[in-house]
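First to last, the sequence lines map onto chains A and B.
Under the working numbering, read the first sequence as residues -3 to 333, first letter to last.
Under the working numbering, read the second sequence as residues -3 to 333, first letter to last.
Ideal Cβ placement from N, Cα and C applies to all residues, glycine included.
2 protein chains.
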Amino acid sequence: MKQPTIHDVAERAGVSKSLVSLVMREPDRVSDASRQAVLEAAAELGYRPNAVARSLVQRRTRVIGVVLSDLHNPFFADVADGIEEAATVRGYRALLSSGFLDAKRERAAVEMMLELRVDGLIMLGSMMKVTKIEKVAASLPVTLLGRHTTSKVVDSVGVDDSAGARAAVDHLVALGHERIVHINAGKAAGAPRRQSGYKKAMRRHGLEDQIRSVKANFTERGGARAMTEILESGDLPTAVFAPNDFAALGAMEVIDSAGLDIPGDVSLVGYDNLGLAALPRIALTTIGQPRADLGRTAVRLVLERLDDDRKTGRHEVVPPKLVVRATTGPPRHNTRG
Amino acid sequence: MKQPTIHDVAERAGVSKSLVSLVMREPDRVSDASRQAVLEAAAELGYRPNAVARSLVQRRTRVIGVVLSDLHNPFFADVADGIEEAATVRGYRALLSSGFLDAKRERAAVEMMLELRVDGLIMLGSMMKVTKIEKVAASLPVTLLGRHTTSKVVDSVGVDDSAGARAAVDHLVALGHERIVHINAGKAAGAPRRQSGYKKAMRRHGLEDQIRSVKANFTERGGARAMTEILESGDLPTAVFAPNDFAALGAMEVIDSAGLDIPGDVSLVGYDNLGLAALPRIALTTIGQPRADLGRTAVRLVLERLDDDRKTGRHEVVPPKLVVRATTGPPRHNTRG
DNA sequence: AGATCCGGATGGAACGTTCCAATAGCTTTC
DNA sequence: GAAAGCTATTGGAACGTTCCATCCGGATCT
């Protein structure tokens, strides 16, 4: 179990520890003979540099911490892919920890990352208060992903949720819909902009008297409850725009079990383009986000502060994309015009 | 950006660094006055112990590394939950890294964990060769999850796949099925035992002449191809047992689009009980695995080697559970008896 | 009163690296 | 042939902790 150290290698190769260190870091700065000897000794002993010791003296770990609010959300997996890729290219490594959809556990995860002295932090769909996050940002660069701030010390990346909502509404209007209800997810990350984007788009189409927004959240259950509420109101719209795919799924279940047809009786649009939205039995029309891009951008933002020492806040927005599937179609009775 | 150290705290509190260290570790060993002073100074400076330095001197990090073969597999998210929970209880923390379904990238992830000097390693659905993993196990405790070994140096946890297959067959036979086809996933992790369990169960029910197994893999596409093959054979069974939920989903799509009814014309059983199997539109009967339990067990195995220094290999098996939903029912024409 | 004990606090070594100034041994230059 | 310059290598300090042996001052014992 005892790992060999740089001293063991030095002794076996008959050189100083400094030389071994140099071989590990810049092999072509040493003579062929020494390099050979050191490499050989290292291989024989199974030497592996101790990143803990290195981090201590260099006062940086070359690790970017990633705190996910929820490991179960497939959305984050793709984002993490992008993060990992971009980090590797720049000579950093990514380390993940989950907040398990609980602000307290998320804080514990962040605390761990700080004690571990990661060089930068990316928070996916964080549930923590911005003021708390700003405090964290006093000790390292922090980028918020999938959530907007205007903070000077915390950067953020996200999709243009307003544009996404607009795309959904435009699509429905183009099909002939007017009575389009939005299920909103309150103040959750990204939700407010989706809601305001919906309202703005409705107005732009001269449908402001049709604006109707029902409060829910980002879960299947929340979507189901909201849809039940809509059905029970007796005032059935021709289309429903959900705040994300999970909520759309919940709504779908309720519509199905009410004996209504999608999209015959009511069209349905989600948001996120999760993998399951593509399943033939689901075939949900939704708004896709360039997930890997988001991850890459987040890494770039962190490294700009770290290596190029940027001091100002940056807030990047990438455009979303409409993905049309089978849950949207023309309204049964076109009430238009 | 410069973090305060234990010295800064000591100076401000007017005590020695050793005392500060003691307050952080065992607060009730110091006098009330000193404790108060130190805690106050620490809070004022925003002191946070440097885990890197601590790890260096203690020669252990209290971190359990978790390498996931695939972040996208929802199966792993639950397992990770169990790992995280069990680790926290025992005073360890879990750190994740993804192998992105690629043996090379997985090795890089493992290498990183080793350099970081994590205390133990849990590998979920690893794609690396066992001999490679055994080499890794020379420097720290390694537990393989969702994959079996008989290794003396590497532990493993998994579900009893044979029992799971038996449960599936028993359920179908109880409903009156006899012509039950198995789609198998070849040699992929867990697949051989599911196949042999199926065969054994069929024999036990006196149905050995009905044994029929079609080769595929663990993906949706693979399941679809196998199901197409079954349909084209012209010899339609009354029930299909897929190697996992993804493959079942593929089969489901093919059956749906052939205009056949599930379970009216053919019953379908999956394996894994993914979250999406519970969606009402899917409602897949499947075999559930106690995922969080698997995670907890893996942690226990690692810590047994670490803290109780066990030296022998352990290979734990936990029982799976049948989850009946809407894709199974009695066969249309009961050919029994 | 001197020896003993005890709780509380301290200073220095150690952990395994990197980094930097210094050195040794050559070659080149004037 | 001494000075200067180069290349390859080295030793020691530093990073921020923990751990251990030691110390200090007061109480308790004989």
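Can you find a C-beta in chain A that's less than 7 angstroms from the C-beta of residue i?
i	result
Ser147/B	no
Ala247/B	no
Gly333/B	The predicted position of Gly333/B is uncertain, since its pLDDT is 35 and thus under 50; a value taken from the coordinates is nonetheless stated next. No, Gly333/B does not count as interfacial toward chain A.
Glu300/B	no
Arg306/B	no
Leu117/B	no
Leu355/B	Residue 355/B lies beyond the stretch modelled for chain B, which goes from -3 to 333, so this question has no answer here.
Can you look up residue i in the DSSP assignment and give me helix, strand or coil?
i	result
Thr293/A	helix
Val150/A	strand
His178/B	strand
Asp268/B	strand
Gly334/B	Because chain B here runs from -3 to 333, residue 334/B falls outside it and cannot be looked at.
Lys196/B	helix
Arg55/B	coil
Phe237/B	strand
Val5/A	helix
Glu312/B	strand
Ala39/A	helix
Arg86/B	coil
Val75/A	helix
Leu245/A	helix
Leu64/A	strand
Val298/A	helix
Lys125/B	coil
Arg21/A	helix
Val320/B	coil
Below 8 angstroms on C-beta distance, what does residue i contact in chain A?
i	result
Val313/B	Those do not exist, as Val313/B stays about 25 angstroms from chain A at its closest Cβ, beyond 8 angstroms.
Asp268/B	In chain order: nothing, as chain A lies at least about 14 angstroms away.
Glu80/B	Ser94 and Phe96
Can you give the beta carbon distance from residue i to residue j, rounded, assuming they're within the 8 angstroms contact cut?
i	j	result
Arg44/A	Leu302/B	In fact, because the Cβ distance is near 19 angstroms, the residues do not count as touching under 8 angstroms.
Leu168/A	Ala273/A	Not confirmed; about 17 angstroms, so no contact.
Arg277/A	Ile278/B	6 angstroms
Arg103/B	Asp157/B	Between Asp157/B and Arg103/B the Cβ distance is about 26 angstroms, and since that is not below 8 angstroms, they are no contact.
Gly61/A	Val114/A	4 angstroms
Ile226/B	Val177/B	6 angstroms
Thr324/A	Ser263/A	4 angstroms
Ala76/B	Ser94/A	7 angstroms
Gly142/B	Asp289/B	Incorrect: roughly 12 angstroms between the Cβ atoms, too far for contact.
Arg8/A	Ala37/A	4 angstroms
If we count the other Cβ atoms within 10 Å of its Cβ and call it buried at 16 or more, is residue i buried or exposed?
i	result
His3/A	exposed
Lys195/A	buried
Ala134/B	exposed
Thr127/B	exposed
Tyr320/B	The sequence shown places Val at residue 320/B, not Tyr. Burial call: exposed.
Asp268/A	buried
Ala254/B	exposed
Glu216/B	buried
Pro23/B	exposed
Leu256/A	exposed
Thr281/B	buried
Arg221/A	buried
Thr57/A	buried
For residue i, go through chain A and note every residue whose CB falls closer than 7 angstroms to its CB, in chain order.
i	result
Ser51/B	Val48
Ala76/B	Leu67 and Ser94
Ile278/B	Arg277
Could you tell me which chain B residues have their CB closer than 7 angstroms to the CB of residue i, listed as they occur along the chain?
i	result
Ala335/A	Because chain A here runs from -3 to 333, residue 335/A falls outside it and cannot be looked at.
Leu275/A	Leu245
Met108/A	Arg89
Of all the CB atoms in chain B, is at least one closer than 7 angstroms to the CB of residue i?
i	result
Ala99/A	no
Glu111/A	yes
Arg44/A	yes
Leu264/A	no
Could you work out which residues of chain A lie near residue i, taking near to mean beta carbons separated by less than 9 angstroms?
i	result
Gln285/B	The contacting residues do not exist; Gln285/B stays about 16 angstroms from chain A at best.
Ser158/B	In chain order: nothing, as chain A lies at least about 29 angstroms away.
Compute the minimum distance between the beta carbon of residue i and the heavy atoms of the ligand ADP, and state whether it is under 6 angstroms.
i	result
Leu117/B	As presented, the structure is devoid of all ligands, the ligand ADP included, so that no description of it is given.
Which residues in chain B sit within 8 angstroms of residue i, going by Cβ to Cβ distance?
i	result
Asp252/A	Pro276 and Arg277
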